[in-house]
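So for the sequence shown, the numbering used here puts the first residue at 2; every next one is plus one.
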Amino acid sequence: MTPDPELAAWLRLTLIAGLGGERQRTLLQAFGLPPAIFATERGALARLIGDKLAAALAEHDSSKQVAHALAWAAEPGNRILTLADPDYPQQLLEIPDPPPLLYVKGRTDLLGCPALAIVGSRNATPQGIANAESFAKAASQAGVTIISGLALGCDAAAHRGGLEGAGSTIAVIGTGADRIYPARNQALAHAIAENGTIVSEFPLGTPPLAANFPRRNRIIAGLARGVLVVEAADRSGTLITARLAGDQGREVFAIPGSIHSPLSKGCHKLIKQGAKLVESAQDVLEEIGIVAGGPPGGADSGELDDDERRLLDALGYDPCEVDTLIERSGLTADALYPILLRMELDGRIATLAGGQYQRIERDR
2 MTPDPELAAW
12 LRLTLIAGLG
22 GERQRTLLQA
32 FGLPPAIFAT
42 ERGALARLIG
52 DKLAAALAEH
62 DSSKQVAHAL
72 AWAAEPGNRI
82 LTLADPDYPQ
92 QLLEIPDPPP
102 LLYVKGRTDL
112 LGCPALAIVG
122 SRNATPQGIA
132 NAESFAKAAS
142 QAGVTIISGL
152 ALGCDAAAHR
162 GGLEGAGSTI
172 AVIGTGADRI
182 YPARNQALAH
192 AIAENGTIVS
202 EFPLGTPPLA
212 ANFPRRNRII
222 AGLARGVLVV
232 EAADRSGTLI
242 TARLAGDQGR
252 EVFAIPGSIH
262 SPLSKGCHKL
272 IKQGAKLVES
282 AQDVLEEIGI
292 VAGGPPGGAD
302 SGELDDDERR
312 LLDALGYDPC
322 EVDTLIERSG
332 LTADALYPIL
342 LRMELDGRIA
352 TLAGGQYQRI
362 ERDR
């Protein structure tokens with residue numbers, strides 16, 4: 002395949018250290034496409050970006066990186082989209098700082114589909130993970146693409162749910178598109194590359210730098226019609242995504258939780274600030290203009306014996322210690338532990354740190 006000289010110029014422009022997206026867009030607005038920028042007299046460039054960066058534009062040698070990126074883009078399933086590309090997602094052109102380049106691995110068509118971002122804590126509770134996956138699955142089955150950030154916890158669960166429906170999923174990552182972080186999500190990332198989309202604005206080979214993850218959140222919010230926050234601490238990166246979504250005019254949704262859970266504090270804060278409280282995927286779909294069937298039945302709709310029902314009633318919806326369960330249910334410890342084990346294996350409850358148990362409802 003013959004290298005694309007215009008794409009090579011875009012790559013060269015974005016690989017100059019210190020020339021961030023804002024300055025790149027300034028140059029594009031002033032002089033046109035990258036080939037025209039590189040043909041511009043240095044003094045004219047310096048008046049916009051300073052002598053040092055103007056010199057770097059003329060002298061920086063990124064030929065090896067450019068060749069590597071062009072070779073990557075030539076591989077099946079890989080593309081590099083520029084701001085001038087007709088396949089560049091139109092939603093991102095609406096945000097204040099759209100990335101000049103997007104490295105895309107997988108289905109480019111998903112970038113233009115109706116989408117919902119689902120985000121939450123990396124250290125999510127079992128219920129939070131179940132909620133992220135079930136909400137994502139329901140939305141994806143209604144044809145909505147699920148967007149998240151490939152982190153552990155709620156993000157990974159949202160991607161798994163998205164892969165179960167026709168809407169599929171997009172992972173917006175904070176590394177180069179040729180690197181996967183965290184390593185524990187390697188298999189999930191491969192599944193997304195095969196059936197969904199992986200997107201990054203960062204050059205190939207970019208390691209997992211802490212500053213890049215909050216930055217990628219504006220793309221997660223920008224690609225979506227709305228952002229659903231599943232669980233979040235009072236001060237967390239998840240709330241950055243929600244704030245960016247609000248700033249971009251996107252809908253913000255939050256799932257309420259226990260008043261005793263630290264991971265509900267962020268959701269409750271968002272609701273107080275005007276985020277829409279949601280209890281089912283249907284709530285979200287209606288708000289973003291997607292019509293779907295009614296929500297499936299709850300996870301507790303199967304057959305339970307009397308002791309199991311007594312245990313669930315005693316457990317309620319907040320984490321609970323064994324001594325409290327014994328007191329509430331009237332069951333002895335010898336009778337209680339086999340029921341707890343059986344219901345945990347059935348996916349109805351989960352064990353938490355500190356010997357506590359929590360009820361799980363999977364279908365929303």
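No residue lacks a Cβ here, since even glycine has one placed at the ideal position from N, Cα and C. Given the structure is predicted, the values throughout are model-derived calculations rather than measurements.
1) Output the distance between the C-alpha atoms of Pro115 and Ile174, rounded to the nearest integer angstrom.
2) Would you call His160 buried or exposed, if buried means 16 or more other Cβ atoms sit within 10 Å of its Cβ?
3) Which residues does DSSP list as the beta-bridge partners of Asn79?
4) Determine whether the beta carbon atoms of Ala246 and Leu271 lie at a separation below 8 Å.
5) Our contact map puts Ile119 next to Ala133 with C-beta atoms below 8 Å; I'd like the distance itself, whole angstroms only.
6) For the beta strand (DSSP E) holding Leu353, just list the boundary residues, first then last.
7) Given a threshold of 16 other Cβ atoms within 10 Å of its Cβ, counted over all protein chains shown, does Thr109 qualify as buried or as exposed?
8) Quick one: what's Leu278 bridged to in DSSP?
9) Per DSSP, which residues does Glu322 bridge with? Please list them.
10) Quick check: what's the CA-CA separation for Ile205 versus Gln25?
11) For Gly22 versus Pro87, is the C-beta spacing smaller than 8 Å?
12) Just to check my reading of the structure: Gly144 and Gly168 have Cβ atoms closer than 8 Å, yes? What is that Cβ distance to the nearest angstrom?
13) List in chain order: all unbroken alpha helix (DSSP H) runs of 4+ residues lying wholly within the segment 198 to 235.
14) Per DSSP, what kind of secondary structure is Ala68 in: helix, strand or coil?
15) Is it buried or exposed, Met2, if we count other Cβ atoms within 10 angstroms and call 16 or more buried?
16) How big is the Cα-Cα spacing for Thr15 and Phe203?
17) Is the number of C-beta pairs between the segment 6 to 15 and the segment 25 to 35 that are closer than 8 Å three or more?
18) Just how far apart, CA to CA, sit Leu305 and Ile361?
19) Under three-state DSSP, which class holds Pro297?
20) According to DSSP, is Thr333 part of a helix, a strand, or is it coil?
21) What distance in whole Å lies between the Cβ atoms of Ala125 and Leu264, which are believed to be in contact at a cut-off of 8 Å?
22) Please state whether the Cβ-Cβ distance between Arg219 and Ile81 is less than 8 Å.
23) Going by other Cβ atoms of all chains shown within 10 Å of its Cβ, with 16 needed for buried, is Ala225 buried or exposed?
24) Give the straight-line distance between the Cα atoms of His191 and Ala70, rounded to the nearest whole angstrom.
25) Is Pro320 buried or exposed, if buried means 16 or more other CB atoms sit within 10 Å of its CB?
26) Give the secondary structure of Leu117 by DSSP, where H, G and I count as helix, E and B as strand, and everything else as coil.
27) Just to confirm, are Arg43 and Ala55 a CB contact at a threshold of 8 Å?
28) Compare the Cα-Cα distances from Ala74 to each of Lys106, His61 and Ile340 and report the closest residue.
29) So what's Ile17 in DSSP terms, helix, strand or just coil?
30) Measuring alpha carbon to alpha carbon, tell me which of Thr176, His61 and Lys273 ends up nearest Ala212.
31) For Ile340, which three-state DSSP category applies?
32) What is the DSSP secondary structure of Ala172, reduced to helix, strand or coil?
From the atom records:
1) Pro115 and Ile174: Cα-Cα distance of roughly 20 Å.
2) When all chains shown are included, His160 counts as buried.
3) Note: Asn79 sits in a beta bridge opposite Lys106.
4) The Cβ-Cβ distance between Ala246 and Leu271 does not fall below 8 Å.
5) Confirmed, Cβ separation roughly 6 Å.
6) Per DSSP, Leu353 is one residue of the beta strand (DSSP E) stretching across Ile350 to Leu353.
7) Flag for Thr109 reads buried.
8) In the DSSP output, where bridge partners are listed per residue, Leu278 has Ala255.
9) Bridge partners of Glu322: Gln357.
10) Residue identity differs from the one stated: residue 205 is Leu in this sequence, not Ile. Within the model, the alpha-carbon separation for Leu205 versus Gln25 is close to 18 Å.
11) With a cutoff of 8 Å on beta-carbon distance, Gly22 and Pro87 are scored as not near each other.
12) Contact between Gly144 and Gly168 holds, since their C-beta atoms are separated by about 5 Å, short of 8 Å.
13) For the segment 198 to 235, whole alpha helix (DSSP H) runs of length 4 or above, ordered along the chain, are 213 to 223.
14) Of the three classes helix, strand and coil, the one that applies to Ala68 here is helix, per DSSP.
15) Reliability of the predicted coordinates at Met2 is poor, the pLDDT of 47 falling under 50, and no value is obtained from them.
16) CA-CA distance, Thr15 to Phe203, rounds to 9 Å.
17) Taking a cut-off of 8 Å on C-beta distances, the segment 6 to 15 touches the segment 25 to 35, as three or more cross pairs fall below it.
18) If I take the Cα positions, the gap works out to 15 Å.
19) A caution first: Pro297 carries a pLDDT of 38, below 50, which makes its placement in the model unreliable, though a value can still be read off. Here Pro297 sits in coil by DSSP.
20) For Thr333, the secondary structure class from DSSP, reduced to helix, strand or coil, is coil.
21) Indeed they touch by this definition, with Cβ atoms about 7 Å apart.
22) No; because the gap between Cβ atoms is not below 8 Å, this pair is not in contact.
23) With 16 or more other Cβ atoms within 10 Å, it is buried.
24) Computed Cα separation, rounded: 20 Å.
25) By the neighbour-count definition (other C-beta atoms within 10 Å, threshold 16), Pro320 is a buried residue.
26) DSSP, read as helix, strand or coil, puts Leu117 in strand.
27) The answer is yes: Cβ separation under 8 Å.
28) Per the Cα distances, Lys106.
29) In the structure shown, Ile17 sits in coil (DSSP, three-state: anything other than H, G, I, E or B).
30) For the residues Thr176, His61 and Lys273, the minimum Cα distance to Ala212 belongs to Thr176.
31) In the structure shown, the three-state DSSP call for Ile340 is helix.
32) Looking at Ala172 - three-state DSSP - the assignment turns out to be strand.
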